[in-house]
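Engineer:
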Amino acid sequence: MQGQLATVFGASGFIGRNIVRELAARGVRVNAVCRDAEQAKFLKPMGAVGQVTPMRADVTDPAAVARAVAGADMVINLVGILYQSGRNTFDAVQATAPGTIAKAAADAGVRALVHVSAIGADADSRSAYARSKAAGEAAVRAAFPAATVLRPSIVFGANDSFFNRFAAMAQVMPFLPLIGGGANKFQPVYVDDVADAAIAALQRPEAAGKTYELGGPSTYTFRQLLELMLVEIRRRRPLVTVPFWLASLQAAVLELLPVPPLTRDQIELLKRDNVVAPGASTLADLGVDPTPLEIVLPTYLDAFRLGGRYAGGRAHA
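FYI, in full-length UniProt numbering the residues of the sequence shown are 1 to 317.
Below, the structure written as structure tokens:
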């Protein structure tokens, strides 16, 4: 991969920045595509001078996408949203844009394309998010049949949007909401393992045209994940069950906020398990050994402990 050019869409995001780091470490030149190139300048020190180039491109604009992939040997698409806002709809960003990127990659003669989707992508889902993810995969396959699709479960690591969000809530709230009772299952996967999977997919010819579901070595219920988080931040908070119907009513109001903490569509996603399907190709098939959640959580959740990261080991109420 030394000296080759990779275009990474969504490069400044949680997963993207880790993939950029791994590509740069292998001597790859990177076009780091994002919505705000100025704010993405933190990516530049991940490589040598001039190796990582932040650039702005609207993934809904075919001409801008074509310019971003021109001359690239590899393309990785990580663009996704958790809620809709203005022009950033599920249909535009997750259903249509992946096909635009895949077509541009095919037209440019790109050697390999990796599209990062999500476990739960389903054309028949009641969730608009899940339906758009399935539509995006189909569009990628139609335009670039040799693309590799990666479907991670929830991704954890420093700066994640799952454990950090609930840890922050535990700092200010007397309890934590357990939507639907917390029996739904997840298979959290470490962000560095997702990055390694993307690199492996680019390097392995046998990965072309395949779909891989990425999960960690263990499955947990939603309740168990919150309990693990509370142990790490050394706080005691009761977990209060919120029925799906009540959570949906609350989400209908929260959706009106500029950055909604919860939406009705996310409630629909919580009604299904988010784990690797039986018989699916996995991290192991890409040569990646999944990292246990319990090893990584202490490396960043300790910042949420009462008194700060270097507070004593005594559990606090």
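Ideal Cβ placement from N, Cα and C applies to all residues, glycine included.
Leaving out five residues before and five after Ala-167 in sequence, what residues of the same chain have Cβ atoms less than 7 Å from its Cβ?
Structural biologist: Taking the sequence shown and counting its residues from 1, one reaches residue 167 at position 167. Result list for Ala-167: Met-229, Ile-233, Leu-301, Phe-304, in chain order.
Engineer: Contact check, Leu-176 vs Ala-170 under 8 Å by CB: the rounded distance?
Structural biologist: Residue mapping note: residue 176 aligns to position 176 of the sequence shown, counting from 1. Residue mapping note: residue 170 aligns to position 170 of the sequence shown, counting from 1. 6 Å between Cβ atoms; contact.
Engineer: According to the neighbour-count rule (16 or more other Cβ atoms, all chains shown, within 10 Å of its Cβ), is Val-49 buried or exposed?
Structural biologist: Residue 49 sits at position 49 when you count from the first residue of the sequence shown. By the 10 Å Cβ count, Val-49 comes out exposed.
Engineer: What is the DSSP secondary structure of Tyr-212, reduced to helix, strand or coil?
Structural biologist: Against the sequence shown, residue 212 aligns to sequence position 212. DSSP places Tyr-212 in strand when its eight states are reduced to three.
Engineer: Enumerate, from N- to C-terminal direction, the unbroken alpha helix (DSSP H) stretches of 4 or more residues contained entirely within the region 134-195.
Structural biologist: 163-172
Engineer: From Val-8 to Gly-16, what does the alpha carbon distance come to, in whole angstroms?
Structural biologist: One-based indexing of the sequence shown puts residue 8 at position 8. One-based indexing of the sequence shown puts residue 16 at position 16. For Val-8 and Gly-16, the distance between alpha carbons rounds to 7 Å.
Engineer: Over the uninterrupted alpha helix (DSSP H) stretch that includes Ile-15, give me the two end residues.
Structural biologist: Along the sequence shown, read from residue 1 onward, the residue named residue 15 stands at position 15. That run of the alpha helix (DSSP H) goes 14-25.
Engineer: Rounded to whole angstroms, what's the CA-CA distance from Pro-217 to Val-240? Just pull it up for me.
Structural biologist: Translated into the one-based positions of the sequence shown, residue 217 becomes position 217. Translated into the one-based positions of the sequence shown, residue 240 becomes position 240. About 28 Å.
Engineer: Taking 8 Å as the limit between beta carbons, can you name the residues of its chain near Phe-14, skipping five residues before and five after?
Structural biologist: Residue 14 sits at position 14 when you count from the first residue of the sequence shown. Here the set comprises Val-155, Gly-157, Asn-159, Asp-160, Ser-161, Val-191.
Engineer: Could you compute how far the alpha carbon of His-316 sits from the alpha carbon of Phe-186?
Structural biologist: Taking the first residue of the sequence shown as position 1, residue 316 is located at position 316. Taking the first residue of the sequence shown as position 1, residue 186 is located at position 186. Model confidence at His-316 stands at a pLDDT of 44, short of 50, so the residue's coordinates are unreliable; what they give is reported in the following sentence. Each residue's Cα considered, the two are about 28 Å apart.
Engineer: Which class does Ala-6 belong to by DSSP, given the choice of helix, strand or coil?
Structural biologist: Along the sequence shown, one-based indexing puts residue 6 at 6. It is a strand residue.
Engineer: Cutting at 8 Å between CB atoms, please list the residues of its own chain near Leu-254, excluding the five before and the five after it.
Structural biologist: Working through the sequence shown from its first residue, we reach residue 254 at position 254. Contacts found: Pro-260, Pro-261, Leu-262, Thr-263.
Engineer: Rank Ala-105, Val-30, Trp-245, Leu-270 by C-alpha distance to the C-alpha of Ala-64 and give the top, closest one.
Structural biologist: Residue mapping note: residue 64 aligns to position 64 of the sequence shown, counting from 1. Closest option to Ala-64, Cα to Cα, is Ala-105.
Engineer: So Arg-264 is in the alpha helix (DSSP H); what residue range does that whole segment cover?
Structural biologist: To locate residue 264, count along the sequence shown from 1; it is residue 264. Per DSSP, Arg-264 belongs to the alpha helix (DSSP H) from 264-269.
Engineer: Residue range of the alpha helix (DSSP H) that Met-229 falls in?
Structural biologist: Locating residue 229 in the sequence shown gives position 229, where the first residue counts as 1. Unbroken alpha helix (DSSP H) run through Met-229: 222-233.
Engineer: Which residues in the same chain have their Cβ closer than 6 Å to the Cβ of Arg-314, if we skip the five residues on either side of it in sequence?
Structural biologist: Your numbering for residue 314 matches position 314 in the sequence shown. Summary for Arg-314: the model assigns pLDDT 48, below 50, so the residue's position carries little reliability; its value from the coordinates is reported in the next sentence. Excluding sequence neighbours, Arg-314 sits near nothing in its chain.
Engineer: On the criterion of 16 or more Cβ atoms from any shown chain inside 10 Å, does Arg-29 qualify as buried, or is it exposed?
Structural biologist: Mapped onto the sequence shown, residue 29 falls at position 29. By the neighbour-count rule (16 or more Cβ atoms within 10 Å), Arg-29 is buried.
Engineer: Could you check whether the region 88-106 touches the region 129-143, counting it as contact only if at least three pairs of C-beta atoms, one from each stretch, sit closer than 8 Å?
Structural biologist: Here the region 88-106 lies against the region 129-143, with 3 or more beta-carbon pairs under 8 Å apart.
Engineer: Just to confirm the assignment: which complete alpha helix (DSSP H) runs, minimum length 4, are found wholly within the region 281-309?
Structural biologist: Whole alpha helix (DSSP H) segments, 4+ residues: 293-296, 298-301.
Engineer: With H, G and I counted as helix, E and B as strand and the rest as coil, what does DSSP make of Val-65?
Structural biologist: The residue given as residue 65 occupies position 65 in the sequence shown. It is helical.
Engineer: Between the region 72-80 and the region 110-119, can you find at least three pairs of beta-carbon atoms closer than 8 Å?
Structural biologist: yes
Engineer: Have a look at Ala-25, Gly-181, Arg-309, Leu-286 and flag the residue whose alpha-carbon is nearest the alpha-carbon of Pro-238.
Structural biologist: For the purposes of this step, residue 238 is identified with residue 238 of the sequence shown, where counting begins at 1. Closest by alpha carbon: Gly-181.
Engineer: Name the DSSP beta bridge partners of Ser-85, please?
Structural biologist: By one-based count along the sequence shown, residue 85 stands at place 85. Paired residue(s): Asn-88.
Engineer: Touch check for the region 126-138 and the region 263-279: three-plus C-beta pairs under 8 Å?
Structural biologist: yes
Engineer: So, helix, strand or coil for Ala-72, using DSSP?
Structural biologist: Residue 72 sits at position 72 when you count from the first residue of the sequence shown. Note: Ala-72 maps to coil in three-state DSSP.
Engineer: Please report the residue range of the alpha helix (DSSP H) in which Leu-249 lies.
Structural biologist: Here residue 249 refers to the residue found at position 249 when the sequence shown is read from its first residue. Note, Leu-249: alpha helix (DSSP H), 244-254.
Engineer: Output the distance between the C-alpha atoms of Arg-131 and Gly-308, rounded to the nearest integer angstrom.
Structural biologist: Working through the sequence shown from its first residue, we reach residue 131 at position 131. Working through the sequence shown from its first residue, we reach residue 308 at position 308. In a straight line, the C-alpha of Arg-131 is about 41 Å away from that of Gly-308.
Engineer: Report the option in Ala-102, Gly-287, Val-242 whose CA atom is closest to the CA atom of Val-69.
Structural biologist: Walking along the sequence shown from the start, residue 69 turns up at place 69. Comparing Cα-Cα distances from Val-69 to each of Ala-102, Gly-287, Val-242, the minimum goes to Ala-102.
Engineer: Taking the beta carbon of Ser-85 as the centre, do at least 16 other beta carbons fall within 10 Å, making it buried, or is it exposed?
Structural biologist: Counting from 1 along the sequence shown, the entry for residue 85 is found at position 85. Residue burial annotation: Ser-85 is exposed, with fewer than 16 other C-beta atoms found within 10 angstroms of its C-beta.
Engineer: When you compare only the Cα positions, how much space is there between Ile-295 and Met-173?
Structural biologist: Translated into positions along the sequence shown, residue 295 becomes position 295. Translated into positions along the sequence shown, residue 173 becomes position 173. So the alpha carbons of these two residues sit roughly 26 Å apart.
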